[in-house]
Amino acid sequence: MTPIAPSTQGMSEATFALTLVLLLLAPLAIAGVALINTGLGRSRSAAQSLLGNLAVIAVTIIVFALIGATLAGTPGAAAHIAHLAGKPWNWLGKGPFFLSGLDSATPQTQLALLFEFLAIALAACIPWGSGADRLRLTAGCAIAAVLAATVFPLLAHWVWNGGWLSQLGLNFSLGAGFLDPGGAATIHVLGGLSALALVWITGSRKGKFPKEGFSTAMPGHNSVYALFGCLVALVGWLAWNAGGAILWLHAPLSALPVTAINTLLSASGALAATFTVTRLRFGKPDASLCANGFLAGLVASSASAAIVSPLPALFTGVVAGIVTPLLVELLELAVSIDDPSGAISVHAASGLWGLIAAGIFAPQPGQLLAQLVGIATLLGLVLPLIYLLFWVLNRFVPFRVDTDGERIGMDLHELGGGAYPEFVIHRDESYR
Amino acid sequence: MKYAGLLVMPAGFFLSIAAIVLFPAPVPRTAFVLCGLAVEALGLAVAVRGHIEARGENLL
């Protein structure tokens, strides 16, 4: 599918209604990710994990409304533009303060803003999962606030709201500009890179990497949560990709079934690949890695489902499904990165692969280079910026809970009660 | 070492931006964007190496 040039005409009522319904279904993707985060953590931190997802969502929504939406701007609205090398560089939005005048804004503007609210809520839940079992609730909320006020608005403006990345095609003849209709870059790579920065700063769970020998296995406490989270996320993703195609690619309604089919193909291909890889590797398929693989296929589809045709969508998912379990293992065993939810592999790596796949299989020439410039921005500018912000934030709001809190579990330490009070608490072998 | 790696990564970004501004022809433009990404990969590798060394020194 070739992206259609932005329409100057208003959105029809039918399109508006359909997009609104799709966006009202999109929070199921957030619910799915929250369930996966909780299931892949330990039982003594389950309630804190799920409450943390809710708190993170609440903080991001409020902070984005107060600060982020102004910086993100809206499509076609006024913006801060620098002129360098004879080209305009639209780098920052100039939206109204505190959402003033929103009720009289165009339907597209209102829907775009709703999409962005949901996007930052999902993006902020991703690093929360990586900090499971040692990240304090207050720190999680502070991280979410920083993302919603600074990095996400910048990316959302650059990619969706007429910023310089979206205008690479217009200014530098690079395809249709950087394309990311489902939020692979603005949501998933941002979330995955935030997870990497967080894990680097917070460190691993106590006992995860003993002084000698291999890392200690700390399996998720509830694979059912993780797998059911995938099913819930699938519904949300179908809505998210279709809604994104309408909003950011101005796709006609007739193109939406293909987008949905591509999403299904990508996720299915990824699950089949992860199932096969883990079966070959361990003798039996691994449930939590299969959940990660399925989610990786969905993440990869965020960039490409509305752009490519079905066969490339399947291929994109299969590659994501092969790479994800291998990368999860590599990060843990070779690089000593303790990422309980696998967010770095699932969201950052698969998101980057989806962006590349969209460039490879898009019909217009020059699209791959536009996608590569976007990836260079994410890795070369966004990751160091996130690390710097988190590093400073950690000085004021310490990320990591104290040793005692980690020993008794985040539920008892932060909430005063466990998620499963009637269950027998077993001795933790990792504290040997 | 981790900080050194993270400081190298923006250099790759600016190399990619310079490539699309300075080279209108597709071949050198692509080559320099790929070089920018390679610099970023190098920076990431150094940062990861720094993380592994910190683990070896039992700082994690």
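Heads up: the sequence lines are chains A and B, in that order.
319 is the number of the first residue of the first sequence in our numbering; add one for each residue after it.
55 is the number of the first residue of the second sequence in our numbering; add one for each residue after it.
Positions of the beta carbon are idealized from the N, C-alpha and C atoms, including for glycine.
| Check | Outcome |
| --- | --- |
| Taking its Cβ as the centre, do 16 or more other Cβ atoms sit within 10 Å of residue 326 of chain A, making it buried, or is it exposed? | In this predicted model, residue 326 of chain A has a pLDDT of only 39, less than 50, meaning its place in the structure is not dependable; the value taken from the coordinates is given anyway. The residue is exposed, with fewer than 16 neighbouring Cβ atoms inside 10 Å. |
| Please decide whether residue 750 of chain A counts as near chain B, where near means a Cβ-Cβ distance under 8 Å. | Its pLDDT being 47, under 50, residue 750 of chain A is placed unreliably in this model, and the coordinates cannot settle the point. |
| Counting only C-beta atoms, is residue 275 of chain A closer than 8 Å to chain B at any point? | Chain A is shown from 319 up to 750; residue 275 of chain A falls before or after that span and cannot be answered. |
| Against residue 82 of chain B, what residues of chain A qualify as contacts under a CB-to-CB distance less than 9 Å, listed in chain order? | Here the premise fails: no neighbours, minimum Cβ distance about 12 Å. |
| Taking Cβ-Cβ distances shorter than 8 Å, what residues in chain A pair up with residue 67 of chain B? | 694, 695, 697, 698 and 699 |
| Could you please give me the residues that DSSP links to residue 406 of chain A through a beta bridge? | A/401 |
| Mind pulling the chain B residues with CB within less than 9 Å of residue 512 of chain A? | Within chain B, no residue comes near residue 512 of chain A; the closest Cβ sits about 14 Å away, beyond 9 Å. |
| Using a Cβ-Cβ cut-off of 8 Å, state whether residue 382 of chain A counts as contacting chain B. | no |
| Check the Cβ of residue 645 of chain A against every Cβ in chain B and list those closer than 8 Å, keeping chain order. | Correct list: empty, because the minimum Cβ distance to chain B is about 13 Å. |
| Could you pull out every residue in the same chain whose Cβ sits closer than 6 Å to the Cβ of residue 57 of chain B, ignoring the five residues on either side in sequence? | none |
| When the Cα atoms are used, what is the spatial distance from residue 602 of chain A to residue 596 of chain A? | 7 Å |
| Thinking C-beta only, is residue 451 of chain A closer than 8 Å to residue 509 of chain A? | no |
| Could you give the DSSP three-state label for residue 718 of chain A: helix, strand or coil? | strand |
| Inspect the CB distances between the stretch 378 to 390 of chain A and the stretch 432 to 448 of chain A and report whether three or more fall short of 8 Å. | yes |
| Grab the span of the alpha helix (DSSP H) containing residue 475 of chain A for me, first residue to last. | 470 to 477 |
| Given that residue 60 of chain B touches chain A, what residues does it touch there, using C-beta distances under 7 Å? | 702 and 705 |
| Would you mind telling me which residues of chain B sit closer than 8 Å to residue 653 of chain A, beta carbon to beta carbon, in chain order? | 102, 105 and 106 |
| Does DSSP put residue 497 of chain A in a helix, a strand or coil? | coil |
| With burial defined as no fewer than 16 other Cβ atoms inside 10 Å of the residue's Cβ, what is the status of residue 419 of chain A: buried or exposed? | exposed |
| Can you name the start and end residues of the alpha helix (DSSP H) that residue 689 of chain A belongs to? | 685 to 695 |
| What does DSSP give as the partner residues of residue 453 of chain A in its beta bridges? | A/718 |
| Is there a C-beta anywhere in chain B that falls below 8 Å from the one on residue 690 of chain A? | yes |
| Name the residue from A/579, A/687, A/403 and A/553 whose alpha carbon lies nearest to the alpha carbon of residue 494 of chain A. | A/687 |
| Buried or exposed: where does residue 265 of chain A fall if 16 or more other Cβ atoms within 10 Å of its Cβ makes it buried? | Since the first and last residues shown for chain A are 319 and 750, residue 265 of chain A lies out of range. |
| Using a Cβ-Cβ cut-off of less than 7 Å, give me the residues of the stretch 515 to 545 of chain A that come near chain B, in sequence order. | 518, 521, 522, 527 and 529 |
| Tell whether a beta-carbon distance below 8 Å holds between residue 664 of chain A and residue 349 of chain A. | no |
| I'd like to know whether the C-beta of residue 91 of chain B is nearer than 8 Å to at least one C-beta of chain A. | yes |
| Give me, in chain order, the residues of the same chain whose beta-carbon lies closer than 6 Å to that of residue 728 of chain A; leave out the 5 immediate sequence neighbours on both sides. | 363 and 366 |
| On the three-pair Cβ rule with 8 Å, is the stretch 686 to 702 of chain A touching the stretch 623 to 643 of chain A? | no |
| Evaluate contact between the stretch 517 to 531 of chain A and the stretch 653 to 670 of chain A, counting only Cβ atoms and requiring at least three cross-stretch pairs below 8 Å. | yes |
| What residues are listed by DSSP as bridge partners for residue 411 of chain A? | A/397 |
| Would you report the Cα separation of residue 732 of chain A and residue 649 of chain A, rounded to the nearest angstrom? | 29 Å |
| My guess is that residue 343 of chain A and residue 554 of chain A are in contact by the Cβ rule of under 8 Å, so how many angstroms apart are they, rounded? | 6 Å |
| Measuring alpha carbon to alpha carbon, tell me which of A/578, A/361 and A/461 ends up nearest residue 500 of chain A. | A/578 |
| State yes or no: is the beta carbon of residue 63 of chain B nearer than 8 Å to at least one beta carbon in chain A? | yes |
| Are the stretch 443 to 450 of chain A and the stretch 422 to 433 of chain A in contact at 8 Å, needing three or more beta carbon pairs? | no |
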